[in-house]
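Notes follow once the structure below has been shown.
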Amino acid sequence: MRYIALCIPLIIASMAFALVTGAEARTLPDQSPASSGLSRRGNTVSVPGANNFVVGSIFGEPPKTRHYNFVVSEMKGAPDGFTKNMLVVNGLFPGPTIEANQGDRLVVHVTNHMSNRTTIHWHGIPQNGTNYYDGTAAVTECGIPPGQSLTYDFSLDTFSGTTWWHPNGLWYLVDTQYTDGIEGALIVHPRSYPRKFPTWDEDLVVELADVYHTFSTTIASQILFGGGTLNPLQLEVSDSGAINGIGQYNGSTRYFDFDLKPNKTYRLRLINEGSAAQIRFSIDYHALTVIEADNTLTEPYTVSDLTLGVAQRYSVLITTNQTAEPEGNYWMRAGLINETFVAGVNTDIRGIIRYGNSKSTPTTSTDPGVPGSGLSDLNPALLAPAIATTLPDSTKFYNVNFTVGPRTGGGTIATMNGTSWEPLSGTSTLLQILEAAKKGQTFAPEGPSLELGNQLIITENSIQVVDLLLVNVGFGIHPFHLHGHMPYILGFGNGTYDGTGLNTVNPIARDTYEVPSNGWLLARFVTDNPGIWTIHCHIAWHMQAGLLMQINSLPSKSAKFNIPPAILSQCGV
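Mind the numbering: the sequence shown is residues -25 to -1, 1 to 548 in mature numbering (1 follows the signal peptide of the UniProt record, and there is no 0), read in order.
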């Protein structure tokens, strides 16, 4: 069996970034490679080879230590045909797929050849006992300085599923770096699957993303301080999108291809690695059977299409047994969804699955769905875990209202209970917790408090079962992500929360969940993982505008962490 990924250079060109300045005595960093004195290690971004999107061969191997080397650099690329500035790992967009088994140890050596600090966050990985490797700048570390390296070293004892890696934190210095290309899949196979769980013949990765032609710090400056054209969500919309690193803009006809075999069942691991847009995924004439949502295996649920919020993941099964296209070529469709797109934006992103002998493009133009099936799109409220769980009783309840809106004087500000996150400089929250402990002091009182200026932090120094009510008092859907935990999603809806209609019998747990426009979501999680963990909107621009707070779990234990010297040295300790 062959898989075709169109492994070709995106573009070759030299690169220069302009200095972008903000308002309110804050400035965006000089992104010019010349300013750092670093070489760019080449200047051509490529799409990874086909094997980057094929996984499963290591499933069932005994636990082992797996090593990866990442070199982060600044290059030019054109994933959708438009040449732009990019930040990439190992010269690739998307970056290398990390594949491991539950019980493995991951050692990832990251070298920074950019002109700014960076981190790598391992989305959804619990990091139990290794909070300092969570990769959140200004919270768990200070970021890898230009020209330096950091080795992330952690175990996957309790984790399995489909997820991804990307930079995180430190306001507009780091989090939006994945908008420019620093991202990739992270696949962890479980020790075993439940009895009677569906099976498949091959296991494939499908990485979806919106694509911006403007460099992210320019967009961040426009959103935060004014300028550009923002939609009602206080966003500058993307220009197009990509499937496994290839998109179409201004007439481009390059597509990512999967060359499959007929009458086989394939698992597609779908990941929304974008910055702002929801993405609706479908394959012409093919039903999609959902079997995983954000690392949680689900009861099979067959749909015609599904929508992924930013940072969400789903695994679906497809069977290559359709005959509607006589030559066996079918469109994969990744439609960008946003409240307001502007003229010139391509929201219809496509790839191709082939299980015939022809290399022609599919004949259909509009999405035909799955004719005669009666299937509809995915309703997340109907997802049920494949392994039943007993829901613990709640011991604490916290209400957090959030909003995104215009900033006085221009730009955008986001708040959670009236506070807007601004990162520390030259230190991290975790270091501040350790410093307080060394002095015999308590970093923060139990419950919610404002620390480190005006930062909202909830502290629990004993194991509690927390019900967190997120209330969206503004417009638009917001994908929230809690680090270090897998909350149970008890319910969500529009309007005012009244405590009814909750699923407390067998709710699904997932690490990224969408709060409806002018609505609410109730999540339940257990504070049994020592460390300082962020909960934030995963729309990159909203996080940069301050839509983030922190959960301080078991600080008496995290204060005893033996933080690696390489992380301390980032902060000058």
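Backbone N, C-alpha and C fix where the C-beta goes; we use that ideal spot for every residue, glycine too.
Within the continuous alpha helix (DSSP H) that includes residue i, where are the two ends?
i           : result
Leu243      : No alpha helix (DSSP H) holds Leu243; the beta strand (DSSP E) holding it covers 240 to 247.
residue 565 : Residue 565 is absent from the structure shown; the chain starts at -25 and stops at 548.
Ser348      : Taken as a continuous stretch (DSSP letters only), Ser348 belongs to no alpha helix (DSSP H), as it is neither H nor E.
Lys532      : 530 to 533
Which one of the options has the shortest CA to CA distance from residue i?
i      : options                        : result
Leu399 : Arg166, Lys532, Gly521         : Gly521
Gly344 : Met307, Thr154, Gln102         : Met307
Ile258 : Gln77, Gly226, Tyr108, Ile327  : Ile327
Phe231 : Lys334, Lys51, Gln297, Ala356  : Lys334
Val63  : Val82, Asp155, Thr86, Glu397   : Asp155
Ile526 : Pro540, Val501, Ala515, Ser21  : Val501
Ala251 : His188, Ser395, His513         : His513
Leu444 : Glu421, Ile433, Gln287, Leu497 : Leu497
Ile542 : Glu274, Asn296, Gly401         : Gly401
Thr339 : Tyr305, Gly78, Leu272, Ala195  : Tyr305
Leu311 : Val285, Gln297, Pro169         : Val285
Tyr330 : Leu353, Gln297, Asp323         : Gln297
Glu426 : His456, Glu397, Val441, Lys413 : Glu397
Trp175 : Gly31, His98, Val82, Gln253    : Gly31
So, is residue i buried or exposed, given that buried needs 16 or more other C-beta atoms within 10 angstroms?
i           : result
Gln416      : exposed
Gly12       : For Gly12, the predicted model reports a pLDDT of 30, less than 50, meaning its position is unreliable; a value from the coordinates is still stated below. Looking at its Cβ environment, which holds fewer than 16 other Cβ atoms inside 10 Å, Gly12 is exposed.
Glu36       : exposed
Asp55       : buried
Arg382      : buried
Gly384      : exposed
Ile438      : exposed
Pro301      : exposed
Thr111      : buried
Lys236      : exposed
Ala262      : buried
Ile221      : buried
Lys171      : exposed
Phe190      : buried
Gly506      : buried
Ala309      : buried
Asn504      : buried
residue 556 : Since the first residue of the chain shown is -25 and the last is 548, residue 556 is not available in this structure.
Ile362      : exposed
residue 624 : What is shown of the chain runs -25 to 548, which leaves residue 624 out entirely.
Val47       : buried
Leu292      : buried
Ala356      : exposed
Asp473      : exposed
Lys59       : buried
Ser531      : exposed
Residue range of the beta strand (DSSP E) that residue i falls in?
i           : result
His84       : 80 to 87
Leu519      : Here residue 519 is Gln; the residue named in the question, Leu, does not match the sequence. Taken as a continuous stretch (DSSP letters only), Gln519 belongs to no beta strand (DSSP E), being part of the alpha helix (DSSP H) at 515 to 519.
Leu311      : 304 to 312
Gly459      : First-last for Gly459: undefined, no H or E at that position.
Gly44       : The displayed chain sequence assigns Asn, not Gly, to residue 44. 40 to 52 is the extent of the beta strand (DSSP E) around Asn44.
residue 550 : Residue 550 falls outside the range modelled here, since the chain spans only -25 to 548, and no answer is possible.
Leu281      : 281 to 283
Asp232      : 231 to 234
Cys512      : 506 to 512
Thr137      : 136 to 141
Lys59       : 59 to 64
Leu125      : 124 to 130
Asn76       : 73 to 76
Gln489      : Per the sequence shown, the amino acid found at residue 489 is Glu instead of Gln. Here the beta strand (DSSP E) through Glu489 covers 487 to 490.
Gln253      : 253 to 258
Thr19       : 19 to 21
Using three-state DSSP, classify residue i as helix, strand or coil.
i      : result
Pro360 : strand
Phe28  : helix
Tyr108 : helix
Thr271 : strand
Tyr276 : strand
Asp503 : coil
Asp155 : helix
Phe536 : coil
Hey, is residue i close to the ligand ZN, as in C-beta under 8 Å from one of its heavy atoms?
i      : result
Ala113 : Absence of the ligand ZN from the depicted structure is noted, as is the absence of any ligand whatsoever, leaving it without description.
Query raised in the report: Could you give the uninterrupted runs of the beta strand (DSSP E) lying entirely in the region 194 to 229, keeping only those of 3 residues or more?
Result: 215 to 218
Query - Every unbroken beta strand (DSSP E) inside the region 160 to 193 [3 residues or more] - result: 177 to 186
**Report entry** Ranges of the alpha helix (DSSP H) found wholly within the region 379 to 451, counting only runs of at least 4
**Finding:** 404 to 413
Query raised in the report: Could you give the uninterrupted runs of the beta strand (DSSP E) lying entirely in the region 321 to 347, keeping only those of 3 residues or more?
Result: 323 to 329
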